[in-house]
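Input: a single structure, listed below in structure tokens.
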Amino acid sequence: MHVARYYTCKFRAGCSKSSIVQRIRFLKSTLRASCEESGSEVKQLHLHRNSEDFKRAACCTVADAFVMDVEQHREPSDEGVQSDDGSENRALANMFEQTVSANATPVDGVATFDAVVDSALGVWVRLFVPTQLDGGSKESGSKSAETMPLVLYFHGGGFVALTPDVALYDQFCRRLAAHSHAVVVSVCYRLAPEHKFPAAYDDSFTALEWLNSEAAKSLLPPNVDLSRTFLCGDSAGGNIVHHLAVQVAESKDLGPNLKLAGLVLIQPFFGGEERTPAEVRMQNPAILSIDHCDFAWKAFLPPDATRDHPAAHVFGPHSKDLRNVAMPPALIIVGGLDILQDWEMRYAEGMKEAGKDVVVCFYEDGIHVFCLLDQTAPTADKMMLDVASFIATHSQFPTPTNPVASHSQFVIFR
Numbered sequence: 089m090h091v092a093r094y095y096t097c098k099f100r101a102g103c104s105k106s107s108i109v110q111r112i113r114f115l116k117s118t119l120r121a122s123c124e125e126s127g128s129e130v131k132q133l134h135l136h137r138n139s140e141d142f143k144r145a146a147c148c149t150v151a152d153a154f155v156m157d158v159e160q161h162r163e164p165s166d167e168g169v170q171s172d173d174g175s176e177n178r179a180l181a182n183m184f185e186q187t188v189s190a191n192a193t194p195v196d197g198v199a200t201f202d203a204v205v206d207s208a209l210g211v212w213v214r215l216f217v218p219t220q221l222d223g224g225s226k227e228s229g230s231k232s233a234e235t236m237p238l239v240l241y242f243h244g245g246g247f248v249a250l251t252p253d254v255a256l257y258d259q260f261c262r263r264l265a266a267h268s269h270a271v272v273v274s275v276c277y278r279l280a281p282e283h284k285f286p287a288a289y290d291d292s293f294t295a296l297e298w299l300n301s302e303a304a305k306s307l308l309p310p311n312v313d314l315s316r317t318f319l320c321g322d323s324a325g326g327n328i329v330h331h332l333a334v335q336v337a338e339s340k341d342l343g344p345n346l347k348l349a350g351l352v353l354i355q356p357f358f359g360g361e362e363r364t365p366a367e368v369r370m371q372n373p374a375i376l377s378i379d380h381c382d383f384a385w386k387a388f389l390p391p392d393a394t395r396d397h398p399a400a401h402v403f404g405p406h407s408k409d410l411r412n413v414a415m416p417p418a419l420i421i422v423g424g425l426d427i428l429q430d431w432e433m434r435y436a437e438g439m440k441e442a443g444k445d446v447v448v449c450f451y452e453d454g455i456h457v458f459c460l461l462d463q464t465a466p467t468a469d470k471m472m473l474d475v476a477s478f479i480a481t482h483s484q485f486p487t488p489t490n491p492v493a494s495h496s497q498f499v500i501f502r
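In the working numbering, the protein residues as written are 89 to 502.
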């Protein structure tokens, strides 16, 4: 029983509470064991790393709170980590409690390296390089006949939490690199509330520009093809993907070699003042609730802004008309148990109405970020194959038969 179904059942009457405790403990122990087997250093993620105001958020984890609530015969919730200063989001982030160091020794065929993009801003990246396709060493002068696309990845966390070295993101990007035969560059951008809009977008563009730098060229394999660069991200990272693509299309010159080939938005974090049917119906689903969303928008958006701000509501009353904005093809991942699903579908419909090439993969039993929480579950595997197929198609690579590769449908149900 994988995580998506586990979280579904935990909100239903008659669910075994002992099974919930066991599942959480299993996930935590599996994550730690996986980190240790990979040869990476395991360390704690300090959730108050960006502000002294959030020290209390490091005291316990959401997983611990779930276990505590269940053992005290209460319904599982994250109420045990809420605080008056709004630090619950970084306590929620502590569910992803292990971070791992980069490892140049290939694990599952992928080596990892960290690099500083802007030391003054604290922007850095983790590179994931498939070693079987890396083109050989610069010293030997060898070069593979097969070139690789590049995926610039933006992590989630509601703009307020997480980093690329979180173990779940390290594992996910490693799998993404292996499945898509691409170099993945995962970006650490500044977080709110210390760094509000548009800091995350600015840092993301800085990371995109960095790909053309001499520092990047010294780290990237010689056969990486920057003319086939994809933007990919989950949750808040999916939001960044959209805004970065618009920024590039409207006003930014990336140089002669760097071009965007496609966008992958995994359960992107969008919103608005209106409560959607899914928000009203679900209220407090697993991982992400209305309160979490509202807190994240308040932390990230400019003071006095509403959720109809264009950063959140990209097809809202104050948003840009995208009909004349050239954007690459987009794949949008939607989960049927995700409170954001209506906003994600509205985004897809808005993109389609604006004349963009869009396909949606809808995973009926997918909670928010299901692809991270149990990465070998059938639904997560299917999503990874869909993403890899999309990248292969728009990289003009041969690809297995897959509806995403040559879609005739707007929405593909999984």
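By construction, the Cβ of each residue, glycine as well, lies at the ideal position given by its N, Cα and C atoms. All of these numbers come straight from a predicted model, not from anything done at the bench.
- The stretch 314-326 makes no contact with the stretch 366-375: fewer than 3 CB pairs, one atom from each, lie closer than 8 Å.
- It is roughly 32 Å from the alpha-carbon of Gly-360 to the alpha-carbon of Arg-214.
- In the three-state scheme derived from DSSP, where H, G and I count as helix and E and B as strand, Asp-396 is classed as coil.
- Excluding sequence positions up to five before and after His-397, its CB lies within less than 6 Å of the CB of Leu-389, all in the same chain and listed in chain order.
- If you look at Gln-186, you'll find it in the beta strand (DSSP E) that goes 186-188.
- Scanning the stretch 341-390 from its first residue to its last, the whole beta strand (DSSP E) runs of 3-plus residues come out as 348-354.
- Ala-270 and Pro-391 have their C-alpha atoms some 39 Å from each other.
- The beta carbons of Ala-255 and Pro-218 sit about 20 Å from each other, so the pair does not count as a contact at 8 Å.
- In the structure shown, Asp-469 falls within a helical segment according to DSSP collapsed to helix, strand and coil.
- As the crow flies, the alpha-carbon of Val-448 is around 14 Å from that of Gly-350.
- Judged by their CB atoms, Ala-249 and Val-275 are not nearer to each other than the 7 Å cut-off.
- DSSP places Val-211 in the uninterrupted beta strand (DSSP E) bounded by 211-218.
- Rounded to the nearest angstrom, the Cβ distance from Val-211 to Asp-291 is 5 Å, consistent with a contact under 8 Å.
- For Ala-418, the three-state secondary structure derived from DSSP is strand.
- Nearest neighbour of Gly-424 by Cα position, chosen from Thr-200, Ile-354, His-330, turns out to be Ile-354.
- In the assembly as shown, His-380 is a buried residue. Its beta-carbon has 16 or more other beta-carbons within 10 Å.
- Distances from the CA of Leu-348 to each of Asp-382, Arg-363, Asp-313 were compared; the closest alpha carbon is that of Asp-313.
- Across the structure, Phe-498 and Val-446 are spaced so that their CA atoms are roughly 7 Å apart.
- Taking a contact as a CB-CB distance under 8 Å, the pair Val-457 and Gly-244 counts as one, their CB atoms being some 6 Å apart.
- With the rule of 3 Cβ pairs closer than 8 Å, the stretch 402-410 counts as touching the stretch 435-444.
- A Cβ-Cβ distance of about 23 Å is found for the pair Ile-500 and Ile-375, leaving them out of contact under the 8 Å criterion.
- In this structure, the CA atom of Ala-208 is about 11 Å from the CA atom of Arg-278.
- The Cβ atoms of Ser-477 and Pro-237 do not sit closer than 7 Å to each other.
- Between the C-alpha atoms of Phe-285 and Glu-297 there is a straight-line separation of about 19 Å.
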